[in-house]
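One structure is given below, encoded as structure tokens.
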Amino acid sequence: MDAKFINPFISATLQVMETSAATKSERGSLFVKKGEGPLTDISGVIGVTGKFIGSINIGFPKDIAIKVVSNMLGGMKIDDIDDSVKDGIGEIANMVAGAAKVQLAEIGYTYKLSIPTVVVGRDHHLSFPPNVPCIVVPFTAIGLGDFYLEVALKMIIPIED
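Final position of the sequence shown in this note's numbering is 196; the numbers increase by one with none missing.
Put into structure tokens, the structure is as follows:
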């Protein structure tokens, strides 16, 4: 997968975490997902259709998700994964996918996004079809902890440069 398809999702994640969750984040080393990959407790998933097929997933351990959404809600006390956390993680996924979509459209790559789906479950993992590569981007939310972005996209309609 070409870096020009991944970089917009990385920059969108950094931007969304800083502006919406008041949290600066740092990117770790990318890797191709093989097998189960990182385990998380809550994930926001956005489907992609059009010139690409696949999905975007942003996954968090429970404690990090609670802290991130608490920041989004102005420091509101949250004790567990509740509806506000589910909504917040879905909104983060939506904002990341939407911001990346804008950046990719500027260079001629367009697609459609589904509404977010939020998956909750201790140490869950998401699988992708074997013919759709999945790049995992680990992040550290400074002072909070680690989370993961998974970008699984396959171009189905070639675009001429």
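Note that the Cβ used here is the ideal one computed from N, Cα and C, for glycine as well.
Within 10 angstroms of its Cβ, does residue 174 collect 16 or more other Cβ (buried), or is it exposed?
Locating residue 174 in the sequence shown gives position 139, counting from the first residue. By the 10 Å Cβ count, residue 174 comes out buried.
Which residues bound the beta strand (DSSP E) around residue 38?
For the purposes of this step, residue 38 is taken as the residue at position 3 of the sequence shown. It is not in any beta strand (DSSP E) - residue 38 instead sits in the alpha helix (DSSP H) that spans 38 to 56.
Any chance you could list the beta strand (DSSP E) runs of at least 3 consecutive residues sitting entirely within the stretch 47 to 114, in chain order?
60 to 62, 75 to 85 and 87 to 95
Rounded to the nearest angstrom, what separates residue 94 and residue 100 at their Cα positions?
Looking up residue 94 in the sequence shown gives position 59. Looking up residue 100 in the sequence shown gives position 65. Cα to Cα, residue 94 sits roughly 8 Å from residue 100.
Between the C-alpha atoms of residue 144 and residue 85, what's the straight-line distance to the nearest angstrom?
One-based indexing of the sequence shown puts residue 144 at position 109. One-based indexing of the sequence shown puts residue 85 at position 50. Roughly 10 Å between the two C-alpha positions.
Can you give the beta carbon distance from residue 124 to residue 77, rounded, assuming they're within the 8 Å contact cut?
Numbered from 1 along the sequence shown, position 89 holds the residue referred to as residue 124. Numbered from 1 along the sequence shown, position 42 holds the residue referred to as residue 77. Between residue 77 and residue 124 the Cβ distance is about 5 Å, and since that is below 8 Å, they are a contact.
Just how far apart, CA to CA, sit residue 108 and residue 71?
As a working note, residue 108 is residue 73 in the sequence shown. As a working note, residue 71 is residue 36 in the sequence shown. About 32 Å.
Please check the pair residue 179 and residue 58, which I expect to be a contact at CB under 8 Å, by giving their CB distance rounded to whole angstroms.
Locating residue 179 in the sequence shown gives position 144, counting from the first residue. Locating residue 58 in the sequence shown gives position 23, counting from the first residue. Confirmed, Cβ separation roughly 6 Å.
Does DSSP put residue 117 in a helix, a strand or coil?
Working through the sequence shown from its first residue, we reach residue 117 at position 82. Coil, per DSSP.
Are there 16 or more other CB atoms within 10 angstroms of the CB of residue 151, so buried, or fewer, so exposed?
Taking the first residue of the sequence shown as 1, we reach residue 151 at position 116. When all chains shown are included, residue 151 counts as buried.
Mapping the DSSP letters down to three states, classify residue 133 as helix, strand or coil.
On the sequence shown, position 98 is the one that residue 133 refers to. In the three-state DSSP reduction, residue 133 falls in the helix class (H, G or I).
May I ask you to list the residues that DSSP assigns as paired with residue 185?
Numbered from 1 along the sequence shown, position 150 holds the residue referred to as residue 185. Partner(s): 92 and 171.
What's the C-alpha gap between residue 156 and residue 182?
The residue labelled residue 156 in the question sits at position 121 within the sequence shown. The residue labelled residue 182 in the question sits at position 147 within the sequence shown. Taking the straight line from one Cα to the other gives about 15 Å.
Please list, in chain order, all residues of the same chain as residue 51 whose beta carbon is under 7 Å from its beta carbon, the five residues on each side excluded.
Along the sequence shown, read from residue 1 onward, the residue named residue 51 stands at position 16. Only 127, 130, 131 and 134 meet the Cβ criterion.
Tell me where the beta strand (DSSP E) around residue 148 begins and ends.
If you number the sequence shown from 1, residue 148 lands on position 113. Its beta strand (DSSP E) spans residues 146 to 148.
What are the start and end residues of the beta strand (DSSP E) that includes residue 156?
For this step, residue 156 is matched to residue 121 along the sequence shown. It spans 152 to 159 - the beta strand (DSSP E) in which residue 156 sits, taken as one unbroken run.
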